[in-house]
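Here is the structure we will look at, set down as structure tokens.
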Amino acid sequence: MSESTVAGTAAALPKTARARGKIAPIKFAHIVFKTSRYDEMVKWYRTVLEAEVMSASPMATFLTYDDEHHRIAIANMPGLADAPHQSAGMEHCAFTYETLDDLFATFERLSALDIHPYWCINHGPTLSMYYRDPDSNQVELQIDIFDSNEAVNAWFAESDFDSNPIGVKFDPADLIQRYRAGEDRTTLLARPRIDPGQVMAQFPAPPEAEG
Ligand SMILES: [Fe+2]
């Protein structure tokens, strides 16, 4: 096993690549999609990420939700084939919200627009809701459950992550109700221990099995 794959080393790393003596990117910049569902895709990312249009033309639209000039670009390419579900490639991209309130508010805002997650899972380090865009690309909206890498590493050390690296599914309506009833964040966000035989059942259903 290489050093970089050992769980628990991240907290000990210097914060920057330069401090490690490496030349590496300073940030993750953007994602570009090519689509034949141009208007739908632009609308979906504007809606889901509350993104602003920085530039738009019939060829491409550039969106951002923060101080980056663009985080998402969508290229209009009519006539593309849909990717088969079982094809290789990016599995999902993930976006982190600042607070649990923000994640829940986003879930409720999107639900009212009939945009629903296909998978809600407490991974342990994150509480995550996964959505599919109009081209079936998968997008994770999440919060970090812990405040620091040290706390994440402590959780890895004492959790059942070895037998369950997936997580435990949750019902967002139930979790939101418990949150608003005043349940403490510590119990609300603690990933339950499950029987190893239940781990495979935590995966989402394949798209064709969804109603
Ligand atoms: Fe993820």
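Going by our numbering, the sequence shown runs without a break in its numbering and finishes at 223.
All C-beta atoms, glycine included, are put in the ideal place defined by N, C-alpha and C.
Whole angstroms are fine: how far does the CA of residue j sit from the CA of residue i?
i           : j           : result
residue 168 : residue 58  : 35 Å
residue 175 : residue 207 : 9 Å
residue 34  : residue 25  : 12 Å
residue 67  : residue 54  : 12 Å
residue 200 : residue 163 : 17 Å
residue 197 : residue 111 : 11 Å
residue 217 : residue 31  : 43 Å
residue 128 : residue 142 : 9 Å
residue 121 : residue 156 : 20 Å
residue 41  : residue 80  : 8 Å
residue 76  : residue 39  : 15 Å
residue 99  : residue 78  : 32 Å
residue 173 : residue 119 : 26 Å
residue 190 : residue 113 : 13 Å
On the three-state DSSP scale, how would you describe residue i?
i           : result
residue 71  : coil
residue 164 : helix
residue 133 : strand
residue 53  : helix
residue 7   : This structure gives no information on residue 7, because the portion of the chain shown stretches from 13 to 223.
residue 85  : strand
residue 223 : The predicted position of residue 223 is uncertain, since its pLDDT is 42 and thus under 50; a value taken from the coordinates is nonetheless stated next. DSSP places residue 223 in coil when its eight states are reduced to three.
residue 186 : helix
Can you give me the Cβ contacts of residue i inside the same chain, cut-off strictly under 6 Å, excluding the 5 residues immediately before and after it?
i           : result
residue 154 : 106, 108, 138, 140
residue 18  : In this prediction, residue 18 has a pLDDT of 44, which is less than 50 and means its spatial position is unreliable; what the coordinates show is noted afterwards. Cβ within range, chain order: n/a, list empty.
Spatial neighbours of residue i within its chain, please: C-beta separation below 8 Å, excluding the five flanking residues on both sides.
i           : result
residue 214 : 133, 176, 178, 179, 180, 181, 206
residue 94  : 147, 148
residue 144 : 130, 150, 151, 219
Please determine, among the options, the residue with the shortest C-alpha to C-alpha distance to residue i.
i           : options           : result
residue 171 : 191, 203, 159, 42 : 203
residue 115 : 211, 56, 187, 65  : 187
residue 56  : 125, 101, 91      : 125
Does the count of Cβ pairs from the segment 101-110 and the segment 125-137 closer than 8 Å reach three? No, the segment 101-110 does not touch the segment 125-137.
For the 8 Å Cβ check, are there 3 or more pairs between the segment 33-50 and the segment 83-94? Contact holds: three or more Cβ-Cβ distances are below 8 Å.
Do the segment 149-164 and the segment 182-195 touch if we need at least three Cβ pairs shorter than 8 Å? No, the segment 149-164 does not touch the segment 182-195.
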